[in-house]
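The number in my numbering is simply the position in the sequence shown, starting from 1, with 87 added.
Here a beta-carbon is modelled for each residue, glycine too, at the ideal position from N, C-alpha and C.
Please read all numbers here as calculations on a predicted model, not as lab measurements.
Below is one structure, written out as structure tokens, with a few remarks after it.
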Amino acid sequence: MTPTTRIACALAACLALGHAALAADAASPAADAAAPKKAKAPKKKAAKPSKEVLDQVVAQKLVQLPPASDEQFEAARRAHIGRYVCEFGQTIVLDGNDTNPGYLNLRYKSQVWILKPVLSSTGALRLEDVKGQALLLQIAFKSMLLNTKTGQRIVDQCVHEVQKAAEEAAKNSPPPPALIN
88 MTPTTRIACA
98 LAACLALGHA
108 ALAADAASPA
118 ADAAAPKKAK
128 APKKKAAKPS
138 KEVLDQVVAQ
148 KLVQLPPASD
158 EQFEAARRAH
168 IGRYVCEFGQ
178 TIVLDGNDTN
188 PGYLNLRYKS
198 QVWILKPVLS
208 STGALRLEDV
218 KGQALLLQIA
228 FKSMLLNTKT
238 GQRIVDQCVH
248 EVQKAAEEAA
258 KNSPPPPALI
268 N
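Structural data, given as structure tokens:
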């Protein structure tokens, strides 16, 4: 048998199987229509869990965080707490975590992250998500929220009122003297 003949035989077999499958599918609705319908059992409503059960579930989902270090408390004091206005009219809100002192909560749309503040050698404040999903970078005149998994910005150009005031002060102050004339 030549290769061309083999291909032709394979195609013929595929076509025959395809027609047989179509015929079986076409006959299937007729058989289904002739069969008597079974009555559906009414769905049972799920019982609402008690408050104790809900509290246990919430406690299991909470992350056990290590106590904050002195450096972490210092970094948390430098974070700008409050509302940030971001690009395209979006907002983020940064506030203290009542359960874990030294940690901060960040809200953006319907998402909430628990952040650990970390000082960097560059002067930027890194607020790292304890689950490793997000990072809020706070620099002198703006902040940005990054997705650490994809390396993309979630939202940018976020400005707190303290950052806005610092930018205005920098614009209004005279430039520093040049070292070289």
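- By DSSP's assignment, glutamate 215 forms a beta bridge with Lys203 and Leu222.
- Residue environment analysis places glutamine 151 among the exposed positions, since fewer than 16 neighbouring C-beta atoms fall within 10 angstroms of its C-beta.
- Sixteen is the threshold: when 16 or more other Cβ atoms of the shown chains lie within 10 Å of the Cβ of valine 242, as they do, the residue is buried.
- Per DSSP, the continuous beta strand (DSSP E) segment holding aspartate 182 begins and ends at 178-183.
- Here asparagine 259 carries a helix assignment [DSSP, helix/strand/coil].
- Rounded to whole angstroms, the separation of the alpha carbons of asparagine 259 and glutamine 239 is 33 Å.
- The Cβ atoms of leucine 223 and leucine 214 sit closer than 8 Å to each other.
- Following the DSSP letters along the chain, one finds glutamine 244 in no alpha helix (DSSP H) but inside the beta strand (DSSP E) bounded by residues 239-245.
- Assigned with DSSP and collapsed to three states, glutamine 151 falls in coil, not helix or strand.
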